[in-house]
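For the sequence shown, my numbering assigns the number 139 to the initial residue and increments by one for each residue that follows. Think of the CB as a built atom: it goes at the ideal place given N, C-alpha and C, for glycine as much as any other residue.
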Amino acid sequence: MEQSDAIALVRRALPGLTTSETRVAEAILGDPGHVAGLAITDLAVRCGTSVSTVARFAQALGYSGYRELRAQISRSVTLAQAQRDRFGLESTAIDPQDTVAVVAAKIGAQQVDAIERTARMVDQDAIDVVAAAVVAARRIELLGQGASSLTAQDLQQKLARIGLVASHAADPHLALTSVSLCTEADVVIAFSHSGETPETLRTVQVAKDAGAVVVAVTNEPASPLIEEVDIVLLTHADESPFRMAAMSSRIAQLALIDILFVRVVQRAGGSVATPLHLTHDAIFRR
Numbered sequence: 139m140e141q142s143d144a145i146a147l148v149r150r151a152l153p154g155l156t157t158s159e160t161r162v163a164e165a166i167l168g169d170p171g172h173v174a175g176l177a178i179t180d181l182a183v184r185c186g187t188s189v190s191t192v193a194r195f196a197q198a199l200g201y202s203g204y205r206e207l208r209a210q211i212s213r214s215v216t217l218a219q220a221q222r223d224r225f226g227l228e229s230t231a232i233d234p235q236d237t238v239a240v241v242a243a244k245i246g247a248q249q250v251d252a253i254e255r256t257a258r259m260v261d262q263d264a265i266d267v268v269a270a271a272v273v274a275a276r277r278i279e280l281l282g283q284g285a286s287s288l289t290a291q292d293l294q295q296k297l298a299r300i301g302l303v304a305s306h307a308a309d310p311h312l313a314l315t316s317v318s319l320c321t322e323a324d325v326v327i328a329f330s331h332s333g334e335t336p337e338t339l340r341t342v343q344v345a346k347d348a349g350a351v352v353v354a355v356t357n358e359p360a361s362p363l364i365e366e367v368d369i370v371l372l373t374h375a376d377e378s379p380f381r382m383a384a385m386s387s388r389i390a391q392l393a394l395i396d397i398l399f400v401r402v403v404q405r406a407g408g409s410v411a412t413p414l415h416l417t418h419d420a421i422f423r424r
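So, in structure tokens, the structure goes:
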């Protein structure tokens, strides 16, 4: 298995685990540094389960076995500590009593982590498939509510600069109307950090029924949105418990969209030169 964030994989797997597997996951999430030093028998005893359960748990995450899982947990712990050290922090969790300097450092650490993990774990094949579909599409529809609407608008603006006209309706009813007219020649990209936004789910279902190629950009691989789409692009961001608005999730989405956009430009080739020149002149002409 390619290098990945083992702790994030464990956290994301929680909703679908058995009771015994959940105890293993909670032990890892509760003290990953300690678990990274445990033999499989020691972890099984600590969790009140069997060695075979721990082994199956590791394999369910995509690892060859517990040894590989343990190595990747150790790697994740090391990377997280390096990130905290980089910003001079003991923890990146925001506390109401933090000073401005500490808040700035923690936000910086969280957002850098979200960008780096999203870039490191990006599904390269999926990016290329989506880029090809976008270049060939008759119509491009972008969906998103709240902070995800901002990401949709960002991609809409980027595509416009290279002559690819994309639509984004922040109003759910207008979005439904628009995607209901899609065909197999069209691409719909839905943004939802949780993968559970009701308005987005409903619109995606209509787009799917219309025959469009539907893409999800989400942080949750076990979400309802995943079940409704053709292609999934995952972000990797952890929001602070002291969350007042989407922060790391928005940054991760924007990073992923930048990766996708560059691949679209690469695939479109020389055809984007004229639109780029014209749109640049239109904006910067004095």
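Residue interval of the beta strand (DSSP E) (run including residue i)
i	result
Ile-397	Looking at the DSSP string, Ile-397 is not in any beta strand (DSSP E); the run it does join, the alpha helix (DSSP H), is 386-406.
Close beta carbons around residue i, own chain, < 6 Å, minus the five adjacent residues each side
i	result
Arg-277	Asp-324
Glu-322	Gly-349
Thr-341	Leu-281, Ala-313, Leu-314, Val-317
Thr-417	Arg-299
Phe-399	Lys-296
Thr-156	none
Gln-210	Ala-144
Ala-221	Note that residue 221 corresponds to Gln in the displayed sequence, not to Ala. Closer than 6 Å at Cβ, skipping near neighbours: Ala-247, Asp-251.
Ser-286	Phe-329, Ser-330
Exposed unless 16 or more other CB atoms sit within 10 angstroms - verdict on residue i
i	result
Val-241	exposed
Asp-143	buried
Gln-262	exposed
Arg-205	exposed
His-331	buried
Ser-409	exposed
Asp-251	buried
Ile-421	exposed
Leu-312	exposed
Arg-467	Examination of residue 467 is not possible in this model, given that the chain is present from 139 through 424 alone.
Gln-271	For the record, residue 271 in the displayed sequence is Ala; it is not Gln. The residue is buried, with at least 16 neighbouring Cβ atoms inside 10 Å.
Leu-152	exposed
Ser-202	exposed
Asp-376	buried
Ala-275	buried
Ala-345	buried
According to DSSP, residues forming a beta bridge with residue i
i	result
Glu-279	Ser-305, Val-326
Leu-371	Val-355
Endpoints, the alpha helix (DSSP H) within which residue i is located
i	result
His-415	411-422
Phe-195	189-198
Thr-335	Here Thr-335 belongs to no alpha helix (DSSP H), and DSSP marks it neither H nor E.
Leu-168	As written in the sequence, residue 168 is Gly, which differs from the Leu given in the question. Here the alpha helix (DSSP H) through Gly-168 covers 157-168.
Leu-147	144-151
Ile-178	178-185
Glu-365	It is not in any alpha helix (DSSP H) - Glu-365 carries neither H nor E in the DSSP assignment.
Ser-316	310-317
Thr-321	Looking at the DSSP string, Thr-321 is not in any alpha helix (DSSP H), and its letter there is neither H nor E.
Asp-223	204-224
Contacting residues, own chain, Cβ-Cβ under 7 Å from residue i (five flanking each side not counted)
i	result
Gln-294	Leu-280, Ala-304, His-306
Leu-227	Ala-243, Lys-244, Ala-247
Leu-414	Arg-299, Ile-300
Ala-406	Val-273, Ile-300
Ala-208	Rather than Ala, the amino acid found at residue 208 in this sequence is Arg. The answer, listed in chain order, is Ala-174.
Ala-360	Arg-150, Pro-153, Gly-154
Leu-339	Pro-362, Leu-363, Glu-366
Gln-291	His-306
Contacts around residue i, its chain only, beta-carbon distance under 8 Å, and the 5 residues preceding and following it disregarded
i	result
Val-192	Val-162, Ile-178, Leu-181, Ala-182, Cys-185, Tyr-204
Gln-404	Ala-269
Met-382	At Met-382 the pLDDT is 48, less than 50, meaning the model places this residue with poor confidence and gives no usable figure here.
Ala-257	Ala-393, Ile-397
Thr-289	Gly-282, Phe-329, Val-355, Arg-388, Gln-391, Leu-392, Ile-395
Leu-199	Ala-144, Leu-147, Val-148, Ala-151, Leu-207
Val-351	Ala-271, Ala-275, Glu-322, Asp-324, Val-325, Val-326, Asp-368, Ile-369
* Within the segment 229-305, note down every full alpha helix (DSSP H) run reaching 4 residues or more, in order along the chain. => 238-258, 262-274, 285-299
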